[in-house]
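These notes are about the structure you will find just below.
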Amino acid sequence: RSSSEDDGSSGEAAPAAVGAHVEEVVSMEQRQPEVSVGSMRHGTGHCKPCLWFWAADGCDKVGACLHCHLCPAGELQARRKARVVALRTSRRKLRVADLQAPGLHARQ
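Residue numbers (the working numbering): 27 to 134.
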């Protein structure tokens with residue numbers, strides 16, 4: 027006797043549990059922003075947009091996601107771009123200030 031005969035299993039994949047909830051993926055054209063745990067801070071500028079919500083397969087965590095599902099598509103990329111621009115601007119200002127400060131020029 028094999029072990030599969032002992033426990034009554036046939037070695038095939040078990041069917042989904044009765045009453046299991048399967049989340050259907052909504053197409054990107056029909057997807058609307060929705061409330062998630064992470065969206066509680068939306069509108070304050072302190073939420074973190076969910077990268078996966080606007081992806082083709084959507085976010086697996088649905089309402090339990092710790093990232094914001096109310097932010098529009100592209101918000102994460104826009105914030106990243108704004109952060110890079112701000113960093114570059116501040117670095118340029120520091121370089122200009124260093125060049126203008128007396129006594130900090132290269133040795134002659």
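Ideal Cβ positions, reconstructed from N, Cα and C, are used throughout, including at glycine.
Computed from a predicted model, the values in this text were never measured in an experiment.
Quiz prompt | Beta-carbon proximity list for S62, same chain, < 6 angstroms, skipping 5 on both sides | solution = On the sequence shown, residue 62 is found 36 positions in, with the first residue counted as 1. The residues are G89, C91, H95.
Practice problem: My understanding is that A99 touches W78, with C-beta atoms under 8 angstroms, so please give their C-beta distance in whole angstroms. | Solution: Locating residue 99 in the sequence shown gives position 73, where the first residue counts as 1. Locating residue 78 in the sequence shown gives position 52, where the first residue counts as 1. Going by Cβ atoms, the distance from A99 to W78 rounds to 12 angstroms, so no, they are not a contact pair.
Quiz item: Using the C-alpha atoms, what's the distance from D83 back to L113?
Solution: For the purposes of this step, residue 113 is taken as the residue at position 87 of the sequence shown. For the purposes of this step, residue 83 is taken as the residue at position 57 of the sequence shown. When rounded, the distance between both Cα atoms is 33 angstroms.
Quiz prompt | Per DSSP, cross-strand counterpart(s) of C94 | solution = By 1-based counting over the sequence shown, the position of residue 94 is 68. Answer is P75.
Quiz item: In whole angstroms, what is the alpha-carbon distance linking H68 and D86?
Solution: One-based indexing of the sequence shown puts residue 68 at position 42. One-based indexing of the sequence shown puts residue 86 at position 60. When rounded, the distance between both Cα atoms is 20 angstroms.
Practice problem: Pick out whichever of Q56, Q103, Q58 has its Cα sitting closest to the Cα of K74. | Solution: Here residue 74 refers to the residue found at position 48 of the sequence shown. With distances taken between Cα atoms, K74 lies closest to Q103.
Self-check item: alpha helix (DSSP H) segment containing A99, residue limits
Solution: Looking up residue 99 in the sequence shown gives position 73. A99 -> no alpha helix (DSSP H), and no H or E assigned at all.
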